[in-house]
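The next block holds one structure in the form of structure tokens; read it before the comments.
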Amino acid sequence: MKIIIVCIIVQLSSISTAWLQLLEDKILRCPPHEHEGCAPCPCWEPTCQDRNPECPTSGVCAPICKPKCLCNESYIRNNSTGRCIPIDRCPKLN
């Protein structure tokens, strides 16, 4: 009986470890000046080139928001580097 209990405990322990690893892999690690957020549309986030993006009304937005790293307040995504930079440091557009 003791052997069965030990086997069950070992099995549960390995399942818990695998589950925690799976959860850790799903956690976003956002770069500096970004935080975890939710964006229902790929076009939702403002960038240096498009400060007021508009999403199409059909077919593009997911029914459920997917976790995504978003720029912190007073930062905006630089189109060429993909990083969040202070708004006043956006490259000048031609």
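Counting with mature numbering (1 follows the signal peptide of the UniProt record, and there is no 0), you get residues -18 to -1, 1 to 76 for the letters of the sequence shown.
The beta-carbon is built from N, C-alpha and C at its ideal position, and this holds for glycine as well.
Being a predicted model, the structure only gives us computed values, none of them experimental.
Item to check | For ILE69, three-class secondary structure by DSSP | outcome: Translated into the one-based positions of the sequence shown, residue 69 becomes position 87. If DSSP states are grouped into helix, strand and coil, ILE69 belongs with the helices.
*Residue range of the unbroken beta strand (DSSP E) whose run includes LEU75*: By one-based count along the sequence shown, residue 75 stands at place 93. Looking at the DSSP string, LEU75 is not in any beta strand (DSSP E), and its letter there is neither H nor E.
ask   = Helix, strand or coil: which one does DSSP assign to ILE58?
value = Here residue 58 refers to the residue found at position 76 of the sequence shown. Strand at ILE58.
Under a three-way DSSP split, which group does GLY19 fall into? Your numbering for residue 19 matches position 37 in the sequence shown. Strand, per DSSP.
For CYS51, which residues in the same chain have their Cβ closer than 8 Å to its Cβ, ignoring the five residues on either side in sequence? The residue labelled residue 51 in the question sits at position 69 within the sequence shown. For CYS51, where only same-chain residues beyond five positions count, the Cβ hits under 8 Å are LEU10, CYS12, PRO13, GLU16, HIS17, GLU18, GLY19.
### Task
Helix, strand or coil for CYS53, going by three-state DSSP, please let me know.
In the sequence shown, residue 53 corresponds to position 71, counting from 1. Three-state result, CYS53: strand.
Task: Nonlocal neighbours in the same chain, by C-beta distance under 8 Å from ARG33, ignoring five residues either side - done: Walking along the sequence shown from the start, residue 33 turns up at place 51. Once the five neighbours on either side are set aside, the close Cβ partners of ARG33 are ILE58.
Q. Taking Cβ to Cβ, would you say ASN61 is nearer than 8 Å to CYS37?
A. Position 79 of the sequence shown holds residue 61. Position 55 of the sequence shown holds residue 37. Against a cut-off of 8 Å, the Cβ pair of CYS37 and ASN61 comes out as no contact.
**OP:** Answer yes or no: do CYS53 and CYS66 have a C-beta to C-beta separation smaller than 8 Å?
**Re:** Taking the sequence shown and counting its residues from 1, one reaches residue 53 at position 71. Taking the sequence shown and counting its residues from 1, one reaches residue 66 at position 84. The answer is yes: Cβ separation under 8 Å.
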